[in-house]
Amino acid sequence: MTDKDPPPANPISDEEFAKRDARLTEKLDDLEKEALEKKPKPPGVGAMF
0 MTDKDPPPAN PISDEEFAKR DARLTEKLDD LEKEALEKKP KPPGVGAMF
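Sequential numbering of the sequence shown, starting at 0, is according to numbering that gives the first Met the number 0.
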């Protein structure tokens, strides 16, 4: 064991990470909105369990 951590496989800056994180969050929000808008629950959907 060494006292140095191995470098990350794909180092990106905090700024770049924040940008990617924001984009992913946006995509998730869009997907959630879509799901809520479509949301036609067939009757008896809970009876399957």
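Where a beta carbon is used, it is the ideal one built from N, C-alpha and C, also for glycine. These figures come from a predicted structure and were not determined experimentally.
Three-state secondary structure (DSSP) of residue i
{"i": "K3", "result": "coil"}
Residue span of the alpha helix (DSSP H) that contains residue i, given as start and end
{"i": "K37", "result": "13-37"}
Heavy atom of the ligand FMN within 8 Å of residue i beta-carbon
{"i": "L30", "result": "Ligands in the displayed structure: none, and consequently the ligand FMN is not present."}
Residue j beta carbon less than 9 Å from that of residue i
{"i": "I11", "j": "R19", "result": "yes"}
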